[in-house]
Every structure is written in C-alpha cells, then in structure tokens.
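Residue numbers (the numbering used here): 181 to 756.
The following block contains the structure:
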C-alpha cells in the first residue's frame, strides 16, 4: 500500500532523526521530498532534500534501506571527508595524479564512499551496510560499473553482474587500495593513478562526458552543511582557487546542489527585461567635446554612444556562466579585503559596537550568549540556534562624527579585448562593491561591451554580483548616458570607478562627459589594464582629461586588487 505524501514525509523524518541521533549529527529540517525516477539525498544550509525512486518507496524493507542511506549520507560529514577543507585537499591530491578535475572528483567519491561503507559504517554497526545491496540490484552502467567492480571486491555478497574484464580489474585494484590503512592523501593518489591508467586505455566507462554526467547525480555532505554560516564557509574555499577549471569543477560538483541556480536564472532574466524599459536615454545636450575630429586617428573605429543599448535578453549559457563566476569572484574579493585589513595598522581598542549575529558555540564565553536573540529562534540548542554578536572595535582617540558614505558606481569593461584578464578585473570590481556595501554606501553596477547591463541602486545584492561577472565579449562603447542617469539619481557626490583597457570606441564623446561629472564633485577613477590589447592614443586622451584619475595596472593578477584596495581605502577607510 502506497503512503500519502504527508505520511511519507513523517516516515522519512522519523528514519532520518534515528540516523542523526546514532551519528550524533546536529538537527536539520526536512525541506523537500520528491518521488520520481532519480535517487539523491542532499543536505545543505541545515535543510534536507530527499529524492527517492518509486521502486524504493514501494519496498517492504524501505525504512531499513532508507536508514542505511541516511547513515551513509551523514557519515560523510561525520567521518570522510568530514569538512570542506579536507575535501579540497583530497581533490588536489587526486588531481596531481590525473590532471583532470572530473576524474579527481570521481576519485574523491570512490575514496570517500569506500571509507564510509567499508571502514566506518561496517565497524560502527558491525554489519554490512544494507543500502549497497539495493544500490547494485540493477546492472550498473557508465562510471557506476567502476564503482560496482570496486564494491564487488569489497563486499563479495552483493549481486553478481556481468562486466568487462578491464572494468573488473580496475575495480579490483581500487578495492585493494581501499582496504589498506594508509594515510588518506596517499590512498586517494593511488586510486587516482589507477583511474589515470584506465583512461590511458580509453575505457569508455570513464570518459570525461560519462564521468561529468555521473557526478551531477552525486552529493557528498560535509560538516559545514549543518551550521548556520556553513554555506559561506564552503564558498570561501573558492578564494584559494586561481585555476578557472578547478573553480568551475568545484561549483559544478560541490556547490551546484547547494544553490538554486534555476531560481537565480529566472530572477536575472526578469530583472534584465525590467531594466531594458527603464534604462537611460542619450541626452540631447551633451558637453562639447574638445576631442571632436580626433576619432579618425584612434586604434579602434569610432562608434557613437547612441548605439549602446541596455541588454534585455542574454543567452542562458552566458548567465549561467556569470552565476558560477560570481561565487568565485566574490570569494576572491572577500579574501583580498580580509588580507588587506589584517595587514593594516591596528590601533588599541577601547570599546566595541555590536555589528551582526553569529553562532554561539560551547567554546565561546558564556557572557557572549545573547539569550533574547536565541529564544526568538526557539528553544535553546547549543551550536544550532544559540546566537552571539560579532563586535567591531572602536579605537583610542576616536570620536563619533556625522557624515556620509559615498555611493559607488562600479563600471566593468567586459568587451572582447578584456577576455584574457576578465576574472581579475571582475574580482577587483567585486572588491569595490563589497567595500561600499560593508560601509553601508549605496551601490550600482554596469557591465558593458557593445551594449550594457545595469543593476540600479535598489537592485538585490545577488543581481549586482552576477552582473559584475557577465562576460559579454563584443565591442567597446562606454555607456556614459547610463552612468549619468545613475549619478543623477543621487543627491550627494558619487565614487565612479571604471575598470577597463581604455579601448572605448566612443572615447571622444565619453571623456568630456566624465570630466563634466567630475566637475560636479563626483570622484572618477579609471583603472587602466595595461596587459592585453594596447590603446596608446586612446590612453593619452584619458590622461589629458580634467577630473579623471587614471591608475595604470601592469599585472592584473598581482597588482589590480592591491591598487583597487588602496584607492577604495581612501574613500571608505576600510582599514578602520
């Protein structure tokens, strides 16, 4: 008899609570239950999402198998890989052997699953985990054949399936390594070496495409999934990744199940359509250009500003690319800010002001526990809903003074000539954005190429971050009319920062307008990226423009963030 959805949720919750108590895991809430063709257990941001196939729900031993499935899922966070830092180190160890991030992630799943099922669960409960019998009832295909071959050698009692000799031998070698008590990093390197050898034989079961498809169906929980700020801790790992391929694989196979990409995609599409109707128009009365007639001698053909239009529709693949890059760029920017603040000269604190709440743990002082804020979230449960306040020190000799925080308009060049240095440029743009946001200033962003995308002052933070990660890759028309529209909305001077290679094809129209904005008290700073395409004639015009400060950047990867931080520190005093 099939249970109703409500009763099924109660059964699932009951079984999960038992597994959680057995492994002493923190409590989470049941977020979603889906019944269909796929099987996947996801735990993120203290929420449990369960996708179960109908054949499993209909079984008489459904609860027993589900219990073991939950034990396995929780054991990853309890034992292997345990936390996100360990996962990162294991992945890099595997990559050092295979030189392929898909195979490195596949090696991680093989290693961690074997550690959990063969060592941890088998020794804790003194029996063979029941879910592995269910997992291999049906003949596996693709990379699952490698997994089956390894498990068949670890647990000979599971169902017999016919597989090729090379696949079986590969699984046998993996099982031999899995049974050893060698250090984790050594074991995963050896496993990765076996996979690398199998790839050299052109084994179709572990082709890059097949492995990528397999990994999309997998999920591995870590300790951070059970804490309030765990997701932020997971994304922090991205800040240490300089390789684009490593960061992309980390998002695809670790982060993607912890974020709602489809919801974000829909939100961006709706926002772009809305902004297309409200963006600025070309002003009829422009400041006179003293560079009129010079456009013929410049490196790029002249294109009038009026050709730049707000983009109302972007190809879905470009938005998806910006979504994952936004996490990477933000993480790198946050790391740069933290390092800058840590290196800044600190003064002796005299008193502190509460800034924002965080988790209170048993290691913290009892006096730090905010009972009022804690009880607003329910009964006191240490390390789950206990709250303390993070306080910011006020320093010796300071006095409270009134003033305003400058609003920041970040303008990012995303044209074809910027492609090779775009990630460094976008990271720098995020540094400015986060600095202004941290100090409470208003922010707006523009990413431009032939046309442009804008996030107005009142747009959501997530939308601004994604727009600052859009790679457009076309020609270069600086939308000065849109810059003017956004600045015109403010009643106070604005900090306008432009990150570009200065190859604007409307430069003779743009520079007088920027000078005009500077004359009204706005601070205009252009970060010129020297590496890449060269525009010496255009650059000379920028240098001669009154009110526009230009900061040359020789090496974007090493210098851009530091130069941006120095300039931002002058405006927002981030060291304080």
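Virtual Cβ for every residue (Gly too), placed ideally from N, Cα, C.
For residue 445 against residue 494, the beta-carbon gap comes to about 10 Å, at or over 8 Å, which does not count as contact. By the neighbour-count criterion, in which a residue is buried when 16 or more other Cβ atoms sit within 10 angstroms of its Cβ, residue 482 is exposed.
Rounded to whole angstroms, the gap between the alpha carbons of residue 341 and residue 348 is 11 Å. Rounded to the nearest whole angstrom, the C-alpha separation of residue 750 and residue 731 is 14 Å. Selection 449, 696, 395, 623 evaluated against residue 430 yields 395 as nearest (Cα-Cα). DSSP places residue 708 in the strand class (E or B) of the three-state scheme. In this structure, the straight-line span from the alpha carbon of residue 279 to that of residue 643 is close to 34 Å. Collapsing the DSSP output to three states places residue 632 in a strand. Non-local beta-carbon contacts of residue 371 in its own chain, meaning distances under 8 Å to residues more than five positions away in sequence, involve 274, 287, 290, 291, 354, 357, 358 in chain order. As computed with DSSP, residue 427 is found in no beta bridge at all. DSSP, read as helix, strand or coil, puts residue 730 in strand.
Counting C-beta pairs with one atom in each stretch, the stretch 241-258 and the stretch 191-207 have three or more that are closer than 8 Å, which means they touch.
In the displayed model, residue 591 falls within a strand according to three-state DSSP.
In this structure, the alpha-carbon of residue 656 lies about 13 Å from that of residue 626. Only residues of its own chain outside the window of five on either side were considered, and among them 405, 438 have a CB closer than 6 Å to the CB of residue 224, listed in chain order.
Assignment of alpha helix (DSSP H) within the stretch 389-419, counting only whole runs of 4 or more residues, yields 410-416 in chain order. Here residue 415 is actually not in contact with residue 500; their C-beta atoms are around 17 Å apart, not less than 8 Å. Fully enclosed alpha helix (DSSP H) runs of no fewer than 4 residues occupy 641-647 of the stretch 608-663, in order along the chain. Its Cα nearest to that of residue 258, the residue 206 stands out among 612, 313, 220, 206. Pairing residue 633 with residue 379, the inter-Cα distance amounts to about 43 Å. Our two residues, residue 419 and residue 281, have alpha carbons roughly 17 Å apart in a direct line. Sequence-distant partners of residue 398 (beyond 5 residues in either direction) whose C-beta falls short of 6 Å from its own C-beta, in its chain, are 289. Around the Cβ of residue 702, a 10 Å sphere holds 16 or more other Cβ atoms; the residue is buried. Going by beta carbons, residue 253 and residue 221 fall inside the 8 Å limit. In the assembly as shown, residue 454 is an exposed residue. Its beta-carbon has fewer than 16 other beta-carbons within 10 Å.
Beta-bridge analysis with DSSP links residue 674 to 587. By a beta-carbon distance limit of 8 Å, residue 605 contacts residue 709. Their separation comes to about 6 Å. Judged by DSSP in its simplified three-state form, residue 695 adopts helix. Here residue 680 carries a strand assignment [DSSP, helix/strand/coil].
Within the same chain, 215, 219 come within 7 Å of residue 232 by CB-CB distance, once the 5 residues on both sides are set aside. For residue 220, the uninterrupted beta strand (DSSP E) segment begins and ends at 220-224. In the three-state scheme derived from DSSP, where H, G and I count as helix and E and B as strand, residue 210 is classed as strand.
Of all alpha-carbon atoms in 457, 375, 242, 261, the one lying nearest the alpha-carbon of residue 284 is that of 375. The C-beta of residue 351 has 16 or more other C-beta atoms within 10 Å across all chains shown, which makes the residue buried. For residue 391, the closest of 593, 306, 325 by C-alpha to C-alpha distance is 325. About 6 Å separates the CB atoms of residue 683 and residue 480; that is less than 8 Å, so the two are in contact.
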